[in-house]
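J.: Per the working numbering, numbering through the sequence shown is continuous, rising by one, with the last residue being 406.
The beta carbon of each residue, even a glycine, is placed where N, CA and C say it ideally should be.
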Amino acid sequence: ERHYKHVVPVFGNGLITMPLQQWRKHRKVIGLTFNQQILNSFVDIFANYSNNLVEKLEGNLGKGCVDMFPVMSQCTLDTVCATTLGTEVNAMKQGSQYILWTSRASELGILRLVNIYLHPNFIWRLTSMSKEVDLISEKINHYVEMAKRLSKYQLENSSESTTDNEISKKKIFLDHLIDLIDKDSEWSNKELIDETRTLIVAGSDATALSVCYVLMMLGMHQKIQNLVLEEVDSIGSNSRDITIQDLPKMTYLENVIKETLRLFPAAPLIGRHLDRNVTLKNHILPAGTGVAIPILFLHRDPDLWNDPLTFDPDRFLPEEVAKRHRYSYVPFSGGPRNCIGERKLDKLGFRYAMMAMKIILSTILRHYRVVSTEYKSVSEIKLKFDVATKCVGGQKVELEKRFYC
2 ERHYKHVVPV FGNGLITMPL QQWRKHRKVI GLTFNQQILN SFVDIFANYS NNLVEKLEGN
62 LGKGCVDMFP VMSQCTLDTV CATTLGTEVN AMKQGSQYIL WTSRASELGI LRLVNIYLHP
122 NFIWRLTSMS KEVDLISEKI NHYVEMAKRL SKYQLENSSE STTDNEISKK KIFLDHLIDL
182 IDKDSEWSNK ELIDETRTLI VAGSDATALS VCYVLMMLGM HQKIQNLVLE EVDSIGSNSR
242 DITIQDLPKM TYLENVIKET LRLFPAAPLI GRHLDRNVTL KNHILPAGTG VAIPILFLHR
302 DPDLWNDPLT FDPDRFLPEE VAKRHRYSYV PFSGGPRNCI GERKLDKLGF RYAMMAMKII
362 LSTILRHYRV VSTEYKSVSE IKLKFDVATK CVGGQKVELE KRFYC
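(1) Looking at S205 and V322, is the spacing between their C-beta atoms short of 8 Å?
(2) Helix, strand or coil for T163? Go by DSSP, reduced to three states.
(3) Can you give me the C-alpha to C-alpha distance between P269 and F386, rounded to a whole angstrom?
(4) Using the three-state DSSP reduction, which class does A288 fall into: helix, strand or coil?
(5) Consult DSSP for E56 and reduce its assignment to one of helix, strand or coil.
(6) So L310 packs on S329, CB below 8 Å; how close in whole Å?
(7) Does the segment 363-383 come close enough to the segment 275-295 to have 3 or more Cβ pairs within less than 8 Å?
(8) What is the DSSP secondary structure of P303, counted as helix, strand or coil?
(9) Please report how far the alpha carbon of F404 lies from the alpha carbon of I179, in whole angstroms.
(10) Which residues in the same chain as T208 place their Cβ atom closer than 7 Å to its Cβ, once the five residues preceding and following it in sequence are excluded?
(11) Can you tell me where the beta strand (DSSP E) with S235 in it begins and where it stops?
(12) Which of the three DSSP states is assigned to T199 in this structure?
(13) Counting along the chain, where does the beta strand (DSSP E) carrying V372 start and finish?
(14) Looking at P249: is its Cβ nearer than 8 Å to the Cβ of P332?
(15) When DSSP builds the beta bridges, which residues end up paired with H274?
(16) Could you check where the alpha helix (DSSP H) with V257 kicks off and where it finishes?
(17) Determine the extent of the alpha helix (DSSP H) in which T84 is found, giving its start and end residues.
(18) Cβ of V371 within 8 Å of Cβ of L219?
(19) For K402, count neighbouring C-beta atoms within 10 Å of its own C-beta (all shown protein chains included) and say buried if the count is 16 or more, exposed if not.
(20) Can you have a look at Q75 and say buried or exposed, based on whether 16 or more other CB atoms are within 10 angstroms of its CB?
(21) For L101, tell me which candidate among P295, K140, K397 and L119 has the shortest Cα-Cα distance.
(22) Can you check which of these residues, A48, Q38 and L40, is closest to I360 by C-alpha distance?
(23) Could you spell out the range, first to last residue, of the alpha helix (DSSP H) harbouring K94?
(24) According to DSSP, V279 sits in a beta bridge with which residue or residues?
(25) Does DSSP classify L400 as helix, strand or coil?
(26) Taking the CB atoms as reference points, tell me whether M69 and D79 lie closer together than 8 Å.
(27) Got a sec, what are the start and stop residues for the alpha helix (DSSP H) E320 sits in?
(28) Per the DSSP calculation, C66 is bridged to which residue(s)?
(29) Report the rounded CA-to-CA distance for E167 versus I39, giving the unit in angstroms.
(30) Can you pull the DSSP bridge partners for D392?
(31) Leaving out five residues on either side along the sequence, give the residues of the same chain with a beta carbon under 8 Å from the beta carbon of I294.
Here it is as structure tokens:
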């Protein structure tokens, strides 16, 4: 909690950053907003914006290796805002200040985190960076507040002829959260805004980065890409959108995504506060200790993974997964305080991310092939310390149009 507070300007004071007692209350409520019916209603949204992305990528053809993250982050911001806020930000068509705000807030938050002399508030408050962070935070909060008011107005003024079932199908995350909070007076307006903001920032950035890394891995491993293309092509004509029925058929693509998340987890490092003594070999970590867990290194530990820098989707075949310790693979964190979506209570959050990635990637690969990337091996990819696992030189790949006989 002591260190997470430095990234509050990025995420808001939501599930990722809030103190334990408050987190328990919020986790229970937010877990209830992710049910399968709601997720299924998002498929058309993902498909629509994925089609827009395919059109946008036309502009990259013939330009060699191009950094995919800028356009991918626009696409995922569009989808996350549509499913979370019920609003169209049109980031792919018009660009988005929101991406610039969150990117700058992330940069400043990490800068403060790694510079101990900036940790004390009385010193931080004397810097120009503090004022910049406050301004960015105010802009982001204002954006979410406007969306919240619009969502509440639309719910309250739904046509009398609209059935409860039809309204339920049209509801997005914010609508359901407002419904639940109306029954719980302990939630403040600020808490609602912070939680919505957390989901937008964490959801859009993590998904965009992960999709880009998958494309890079496919560019490096053409035989694996051939298997993915074969699976995607078997689903049906690219003249129709991906449907909910198509998703379970993408088993190999799912394993490719999981292996990519092993090498490039959403968060490279997480922090935990020990509530009891923990014994590690001959050492005792006392209760109250702050512990940093480097997920990136855990996922590349040769004691846990054979040839850890080799990209092998077959690591995630059921029989291989059964051989491993459950915490050898934690791409979205792990334990009780994990990303919303890993426990049985709310695995739907993880399904949201997987659903988004499958639809975006399969739609791209129906139209394009990844010809190459600037990197020849995983070891060549230099990463930088950030809130998410980001690449120093950009996530560059070259695409070519696929043609069908």
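T.: According to the structure shown:
(1) no
(2) Unreliable placement is indicated for T163, whose pLDDT of 47 sits below 50; the coordinate value is still reported in the next sentence. Reduced to three states, the DSSP call for T163 is coil.
(3) Here the C-alpha atom of P269 lies approximately 8 Å from the C-alpha atom of F386.
(4) coil
(5) helix
(6) No, L310 and S329 are not in contact; Cβ-Cβ is about 16 Å, not under 8 Å.
(7) no
(8) coil
(9) 47 Å
(10) T77, A354, A357 and M358
(11) Where S235 is concerned, there is no enclosing beta strand (DSSP E), although the alpha helix (DSSP H) it sits in stretches over Q223 to I236.
(12) helix
(13) Y369 to T374 is the span of the beta strand (DSSP E), which, as asked, contains V372.
(14) No, the Cβ-Cβ distance between P249 and P332 is not below 8 Å.
(15) G291
(16) T252 to L264
(17) F70 to T85
(18) yes
(19) Per the 10 Å Cβ criterion, exposed.
(20) buried
(21) K140
(22) Relative to the Cα of I360, the nearest Cα in the group A48, Q38 and L40 belongs to A48.
(23) Element bounds for K94: A92 to Q95.
(24) L286
(25) strand
(26) No, they are not a contact pair.
(27) P319 to V322
(28) The partner list for C66 (beta bridge, DSSP) is empty, contrary to what the question assumes.
(29) Any reading at E167 must be qualified, since the residue scores a pLDDT of 42, below 50, and its modelled position is unreliable; no value is offered.
(30) Per the sequence shown, the amino acid found at residue 392 is Cys instead of Asp. As DSSP reads the structure, C392 sits in a beta bridge with L384.
(31) Take I294, set aside five residues on each side of it, and the residues of its chain with a beta-carbon closer than 8 Å to its own are L270, I271, G272 and R273, in chain order.
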